[in-house]
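Reading through the structure tokens given below for one structure.
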Amino acid sequence: MQDIYLLVAGPLAWAAWAIFFLGSAYKIWSTLAVAKQKDQVLLNYVSFRYALRSIINWSIPFNTTNMRLHPVFTGVAFFFHIAFFVLLIFISAHQIMIEEGFGIGWVTLPDIVADILAFAVLGVCVFFAVRRVIRPEVNYVTDWTDYGLLALVTAPFLTGVLAYHQVGDYMTMVILHMLSAEILLVAIPFTRLSHMLLASLTRGYIGSEFGMVRHVNDW
Amino acid sequence: MTQYSAWDWGVGSKTVADLSACDCDIEWREESLASPDGEQVAAVVKTGDAEFGVCVNGECWEPRYERVWYLKYSPDGRLTALANDQGDWTLCVNGEQWEEGYGFLWNTMFSKDGSVIACCVADSMTYGMVVDGVAWENLYANANNFILSPDGRKSAAVVQTVPLGQAEIFKFKEGVYSVAVDGEAWDVNFVNAWTPIFNTDTSLVAAQIRVNLFDYTIAVNGKPWAEIFNQVWEPRFHPKTNAVVAPVRVSGRWGMARDGKLIWQPTFFQVWQQQFNPSGDQLAAIVCPEYGRWTLAVDGKPWNTTFGDMVMDMTYSPDGRRLAALGKQDGKWTVFADDRPWSGQYDMCYAPVFSPDSAHVAARVEKQGRFTIVVNGKEYGTTFDQCFDPTFSPDSSKVLIRGIAGGKYQRIVEPVTQIIG
Amino acid sequence: MKERVWIQDEGIDRGAEKLTPERIEKTINAVLGNEAGARLKAYVETCAHCGLCAEACHFYMSRDKDPRFSPVGKVKQTIWEMLDKKGKVSVEFMKQAVQVAQTECNLCRRCVQYCPFGIDIAYMMSLVRRIAHKLEITPLYIQDTAHSHSATMNQMWVKDDEWIDALHWQEDEIREELPAARIPLDKEGAEIMYSVIGPEPKFRTQLIYQAAAIMNETGCDWTMPATPGWDNSDMAMYTGDSEMMGRLKRMHFDTAARLRVKKIVMGECGHAFRSVYDTGNRVLGWRMPPVPVIHALEFYWDLLNSGKLKVAKKFEEPVTFHDPCNVVRGRGLHEKAREVVRAFCTNLVEMYPNKEHNYCCAAGGGVINCGPPFKNARVEGNRIKAEQLRATGVKVCIAPCHNCHGGLEDIIHKYKLDIELKFLGEIIYDCMEKPNAV
């Protein structure tokens, strides 16, 4: 068990982060390279100013028309994305590992807050799953990959919560937690989770077209 | 009108006509037009209730019509207008109308020397051309893309040879269009045909064709090139060899093909309006070497001076060694010749004109609503309310300037050295 | 879910008879592989299948939120399947894909404003149309219109002489009211070239009359071409025939350049504006239109603000204003249009949502041009617009776009709305100062 722990906490973690960073860099680079080759015309319509205008406007909760049309989803989605990163960066258990590895640290979340956040994120994952089932317009465009990706995202939180609350074998849970997080990291550049990387590009492009050429807001 | 060399090339200026004066009563005067030699100024005038005429140097043509329009001087100085006489259309040349009347006439064309005048004709729902008053024997259900050969001997148009009912898309795809020369259609039909053009001795006609909804090529006397392209533009004949060149698009980029084979690699975002120089040893075109930048290319090699908005009116010098064109950047026009732009920026420029010895380039320009001419980048001191294209004297030493200022039309001959200093 | 209705269309059905699986596969892969690039790839890989675009679509809203009519639902029925199967789709699938992309999407781009990632679904539907064009399974009527464009350089098979004749006729007509008025043909050096769409000389000559009245009475230096190139419309853009789109737009801009005008002012048409201002120039290599293009709405606003256009009387009846997609989402003219409407009308009652968030008329994007076979489906697909119109309670709707007129007319008829449609130019013509009128 200890060996497995050392493996997932050591080489596998390094590998996952490496694949994540390299894969992400490759993803963005390859998208831009193809754009340069095949969408050269479009690159002429990219404006930094209007790209940024669009990205900022879509980063403010309830700022866009569609966000206001779907207040619950908007709230939940913003919470999810923010909580995802807050937990990743500010949870004390992660902090300890970072400090051990790199000798740096920053403020951490009180465990109770982290715990509530983690439960809430799990709740959001359930919400996402239920929404996929019960909303016809979502269900119609949902296939197994959507549930698969949701499962990938849910797994680190579920295992994290279980480990924290010592449900099941602690070591097993910790290993599963790390493993699932590593799988998620690796998956990001190579699945539709890559929206994390590409969203700013698609948003920026359309924001430029709307702002610079069409002189109209895209939100 | 006298021959070009015999025009009055004596330096000086004279007022040819006061535009407010006319020997008939007029309600209004339309746009003024100056004759090539500068000795006349003409306009369509309204002379009464639904009655129009043409006023030349203050004198009205005798005949009056319900409508007169499309006033044009032929290169040999004859003044033509399309006129509607009690429902029939005719062409008036220097006040004399063609004998025959037609259902409708439009788009007056001239041979290069002006000796032949042609029009498009529609009569009883059939279409074709009338050359010097004589219509094609065969007229068609529709015709367009009309052309008169430079020597005036032949005329051609794209014609519809097969009747086509409403929404008959499958019949359309079998081909209902052809090219007719002097009214005789090629014995083959295409899905589309555009921009027919004659070779020097008028024995050949080349046109763009579409053979289905997405394959394009060039046909010469009805025979398509063996090669098919994603898109093509207007063909041009070599002045001596009868080879045909046309811009062609391959895998999304434009190049140039000669008789179906690529001679300019398809690297451009656009290529069009190609021209051979008079001797045929050089081929130039307007090109877009990088997206949104325009210039000229000579034998496939683009110039360095590029413009963002547009390039047009590419013109070869008579000796075929120089090229000039208009370029527009940020809404302002200029002339560029020999890969160098003029320093002046104008609201509008007209096609550049070379001197017969190819040494000078001139153009009519507009700045803040005033017109003048510019020679080799140097503006003529005087401005006009309106002016016409400049013409160089046969020995290239003088320029004929035709302009209107203060309601008076002036003819000015100025030494080139006076303008370029 | 209700059973899906697949409509018979001669163009699609007879075209499909000639299809083979090999040709379909080759064509799909050629278009998606060679012509589409990083944009399509990024769109497909970024889409989170969240369904948030659904309510942007009037078809979805009007069809009781049937998910097959949501924007992403249309992508699923077309592009996703083509990509998943690497082009190995059936003839039947292609026929259905054409119906979805060509008649159930107006390319109005409203969903672009609702997608968190800004995915341009209209672009993907255009790709499907491009594939259909290459497979020759475009619906009959719009294909016929594209053929007209190719053969005559206008939308309505108008012959060279008929165009000039229509202008002469309108000039004669207008002189009854404005004796000194002219429609100057082919006037080199005029400031403005006024261009219209094919149906104007054919069916709606009064619009040319009204435009000429406005031009004359506001003292504009203008002209209309006496040659092909006068038509700014472009159904080739909507059948995926981008080569023909380029040919049409070249003709249009070359004509303006030949006439040495400073700008092109175009009539109240939406799709033509999109073609001239946004898409057509691009396929030719012009980053922006080489001759500035001013839509009628902006032109009216300019005239009003420069003091050339003066209000003689107000249009008293309450009006509502329909925002055409291609000039609001396509050019942001909604505020200027309203300023003009308010100047001429006493009471403007808004529809909601409006301005750049308007609902489309369901005719645009070439949908109405697919003709009678799809008419009922189209009108049923825009119940929401009828509800919007009804809620205003007004009897006059200003719609400054030809396609919108067609679409709204059908809706008004079907849903029994007692509303009269007007172009803005009509109201201006009626209410402006005409100092030279007799």
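Residue numbers (the numbering used here), protein chains in the order written: chain C, 1 to 219; chain Z, 1001 to 1421; chain L, 2001 to 2438. From the three backbone atoms N, C-alpha and C, an ideal C-beta is built for every residue, glycine too. Keep in mind that this is a model prediction, so the values were computed, not measured.
Residue i, enclosing alpha helix (DSSP H) - first and last residue
| i | result |
| --- | --- |
| Arg2023 of chain L | Pro2021 to Ala2030 |
| Tyr164 of chain C | Trp144 to Tyr164 |
| Gly1308 of chain Z | Note, Gly1308 of chain Z: premise wrong, no alpha helix (DSSP H); not H, not E. |
| Ala1118 of chain Z | Unbroken run through Ala1118 of chain Z is the beta strand (DSSP E), Ile1117 to Asp1123; no alpha helix (DSSP H). |
| Pro2152 of chain L | Checking the displayed sequence, the identity of residue 2152 of chain L turns out to be Thr instead of Pro. Run containing Thr2152 of chain L: Leu2140 to Thr2152, per the alpha helix (DSSP H) assignment. |
| Thr202 of chain C | His195 to Ser208 |
| Phe1172 of chain Z | Ile1169 to Glu1174 |
Residue interval of the beta strand (DSSP E) (run including residue i)
| i | result |
| --- | --- |
| Cys1055 of chain Z | Glu1051 to Val1056 |
| Ile2192 of chain L | Ile2192 to Ser2195 |
| Leu1079 of chain Z | Leu1079 to Asp1085 |
| Tyr1127 of chain Z | Thr1126 to Val1131 |
| Asn1192 of chain Z | Asn1192 to Phe1198 |
| Tyr2293 of chain L | In the sequence as presented, Tyr is not what sits at residue 2293 of chain L; that position holds Val. Here the beta strand (DSSP E) through Val2293 of chain L covers Val2293 to His2295. |
| Ser1178 of chain Z | Tyr1177 to Val1181 |
| Lys2202 of chain L | Where Lys2202 of chain L is concerned, there is no enclosing beta strand (DSSP E), although the alpha helix (DSSP H) it sits in stretches over Pro2199 to Lys2202. |
| Asn1363 of chain Z | Strictly speaking, residue 1363 of chain Z in this sequence is Ala, with Asn absent from that position. First-last of the beta strand (DSSP E) with Ala1363 of chain Z: Val1361 to Lys1367. |
| Asp1088 of chain Z | Asp1088 to Val1093 |
Neighbour-count burial assignment, residue i, 16 or more Cβ in a 10 Å radius
| i | result |
| --- | --- |
| Phe2203 of chain L | exposed |
| Met1001 of chain Z | Because Met1001 of chain Z carries a pLDDT of 47, less than 50, the predicted location of this residue cannot be relied on, and the following value inherits that uncertainty. Its Cβ being crowded by 16 or more others within 10 Å, Met1001 of chain Z is buried. |
| Met2001 of chain L | exposed |
| Asn1212 of chain Z | exposed |
| Val2341 of chain L | buried |
| Ala1226 of chain Z | exposed |
| Ser1074 of chain Z | buried |
| Gly2381 of chain L | buried |
| Thr1217 of chain Z | buried |
| Arg2329 of chain L | buried |
| Pro71 of chain C | exposed |
| Phe1145 of chain Z | Contrary to the premise, residue 1145 of chain Z reads as Asn rather than Phe in this sequence. Per the 10 Å Cβ criterion, buried. |
For residue i, the residue or residues it bridges with in DSSP
| i | result |
| --- | --- |
| Gln1231 of chain Z | Z:Arg1249 |
| Ala951 of chain Z | This structure cannot settle anything about residue 951 of chain Z, because the visible part of chain Z is limited to 1001 through 1421. |
| Ala1034 of chain Z | Z:Val1041 |
| Trp2169 of chain L | Note: Trp2169 of chain L sits in no beta bridge, so no partner. |
| Asn2216 of chain L | DSSP output for Asn2216 of chain L lists no bridge partner at all. |
| Leu2248 of chain L | For Leu2248 of chain L, which the question treats as bridged, DSSP gives no partner whatsoever. |
| Lys1072 of chain Z | Z:Thr1080 |
| Tyr1316 of chain Z | Z:Leu1323 |
| Thr1334 of chain Z | Z:Gly1327 |
When the options are compared against residue i, the one with the closest alpha-carbon
| i | options | result |
| --- | --- | --- |
| Thr2103 of chain L | L:Gly2118, L:Leu2083 and L:Met2125 | L:Met2125 |
| Glu137 of chain C | L:Ile2131, L:Gly2073, L:Lys2134 and L:Asp2186 | L:Gly2073 |
| Gly1377 of chain Z | Z:Cys1387, Z:Val1365 and Z:Gln1386 | Z:Val1365 |
| Ile2398 of chain L | L:Val2349, L:Val2438, L:Ala2151 and L:Cys2370 | L:Val2349 |
| Ile1373 of chain Z | Z:Asp1395, Z:Pro1356, Z:Ile1404 and Z:Val1248 | Z:Ile1404 |
| Phe2374 of chain L | L:Cys2057, L:Cys2050, L:Gln2099 and L:His2049 | L:Gln2099 |
| Leu69 of chain C | L:Glu2188, L:Gly2051 and L:Glu2409 | L:Gly2051 |
| Asn63 of chain C | C:Arg49, C:Phe78 and C:Tyr50 | C:Phe78 |
| Cys1120 of chain Z | Z:Glu1051, Z:Pro1075, Z:Gln1270 and Z:Phe1104 | Z:Phe1104 |
| Leu1317 of chain Z | Z:Gln1329, Z:Thr1306 and Z:Ala1337 | Note that residue 1317 of chain Z corresponds to Ser in the displayed sequence, not to Leu. If we check each option's Cα against that of Ser1317 of chain Z, Z:Ala1337 comes out closest. |
| Thr1383 of chain Z | Z:Ser1396, Z:Ile1401, Z:Thr1391 and Z:Ser1397 | Z:Ile1401 |
| Phe1955 of chain L | L:Pro2071, L:Ala2048 and L:His2049 | Residue numbering for chain L in the displayed model covers 2001 to 2438; residue 1955 of chain L lies beyond these limits and cannot be assessed. |
| Val1287 of chain Z | Z:Trp1028, Z:Asp1281, Z:Val1298 and Z:Val1056 | Z:Val1298 |
| Trp14 of chain C | C:Met97, C:Ser92, C:Ala51 and C:Gly148 | C:Met97 |
At 4 residues or longer, what runs of the alpha helix (DSSP H) sit wholly inside the region 2364-2401 of chain L? For the region 2364-2401 of chain L, whole alpha helix (DSSP H) runs of length 4 or above, ordered along the chain, are 2375-2380 and 2383-2392.
At what residue ranges does the region 2257-2291 of chain L contain a whole run of the alpha helix (DSSP H), taking only runs of 4 or more? Counting only runs of 4 or more residues that sit fully inside the region 2257-2291 of chain L, the alpha helix (DSSP H) segments are 2271-2274 and 2280-2284, in chain order.
Ignoring anything shorter than 3 residues or poking outside the region 2289-2364 of chain L, list the beta strand (DSSP E) runs there in chain order. Entirely contained in the region 2289-2364 of chain L, the beta strand (DSSP E) runs reaching 3 residues are, in chain order, 2293-2295 and 2319-2321.
Could you pull out every unbroken alpha helix (DSSP H) segment of at least 4 residues lying fully inside the region 41-113 of chain C, listed in chain order? If you keep only unbroken alpha helix (DSSP H) runs of at least 4 residues inside the region 41-113 of chain C, you get 48-57, 65-69, 71-90 and 92-102.
Runs of alpha helix (DSSP H) lying entirely within the region 11-38 of chain C, each at least 4 residues, in chain order: Segments of the alpha helix (DSSP H) lying fully in the region 11-38 of chain C: 11-38.
Inside the region 2033-2119 of chain L only - alpha helix (DSSP H) runs reaching at least 4 residues: Whole alpha helix (DSSP H) segments, 4+ residues: 2038-2046, 2058-2062, 2071-2075, 2081-2084 and 2091-2098.
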